[in-house]
Amino acid sequence: MKALRQWLVLSACNVGLLALTAMVNDGIAGWSVNFFLAGLVVVGPALQLRPATLVFCLLVSGLAADAGSPTPPGFLMSLLTAGAIFIFLLRPRLGRIRRIHQIGLAWLLNGAYFAAFTLWALARNHAGGAAFGERVLVDFCLSQIVLLPVSIWFFDLQESALALAGLTPAPPQPGVAG
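Residue numbering for the sequence shown is 673 to 850, as defined by my numbering.
Printed below as a string of structure tokens:
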């Protein structure tokens, strides 16, 4: 029952962040700028959940991410899964998880997700050129800059939501993947 509550709470936080990001992007669409913050939704669950419950969290979060993007169904869900696998491989080396680890992982994953999303957009639209390159560079830089304050808020939100649900937000022992 604890695992069920844990992945439900983390999934709700992820869906909330994705919805908030979509609303902000809609509001600033006139400026031709978009924020991309998909790297945040993997870090907390991948560090706290066991693989069986992480799958459910990634399914819900991935469906929400795919619903708000022009990508084909399952594209962002597969990226989230790849990011979770990366964190599982890295988790034994991290030792005690600190906030700086979470932020660093979010920055790294967000950059990788942004690159994959950009490559998909290039392959789909065949639209290169200076204007596309400038837009991608601006979106990437702004997304990575905005990621810092949003990540601090979001990781605190996840911890507070877990505490409100009567769960301890402490991550499992390093290397425990079962």
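Glycine residues also receive a C-beta, built at the ideal position from the N, C-alpha and C atoms.
Note that the coordinates shown come from a computational prediction; the quantities given were computed from them, not determined experimentally.
Checking 7 angstroms against the spacing of the C-beta atoms, do residue i and residue j come in under that value?
i, j, result
"Ser741", "Ala778", "no"
"Leu780", "Val681", "no"
Is residue i helix, strand or coil when you go by DSSP?
i, result
"Leu794", "helix"
"Arg770", "coil"
"Ser750", "helix"
"Phe708", "coil"
"Pro723", "helix"
Using a Cβ-Cβ cutoff of less than 7 angstroms, which residues in the same chain neighbour residue i once the five nearest sequence positions on both sides are dropped?
i, result
"Arg677", "Ala837 and Leu839"
"Glu806", "none"
"Ala788", "Leu751"
Restricting to Cα atoms, I'd like to know which of the options is closest to residue i.
i, options, result
"Leu814", "Gly688, Asn697, Ile759 and Ser683", "Asn697"
"Asp811", "Ser704, Ala684 and Leu692", "Ser704"
"Ala793", "Thr743, Ala739, Gly688 and Ser683", "Thr743"
Less than 8 angstroms between C-beta atoms, sequence neighbours within five positions excluded: which residues of the same chain meet that for residue i?
i, result
"Gln845", "Reliability fails at Gln845, whose pLDDT of 46 lies under 50, so the model's placement of it is uncertain and the value that follows must be treated cautiously. Here the set comprises nothing."
"Ala737", "Leu690, Ala710, Val713, Leu748, Met749 and Leu752"
"Asn880", "Because the chain in this structure spans residues 673 to 850, residue 880 falls outside the shown range and cannot be described."
"Lys674", "Leu839"
Please return the same chain residues whose Cβ sits closer than 6 angstroms to the Cβ of residue i, not counting the five positions on each side in sequence.
i, result
"Ala701", "none"
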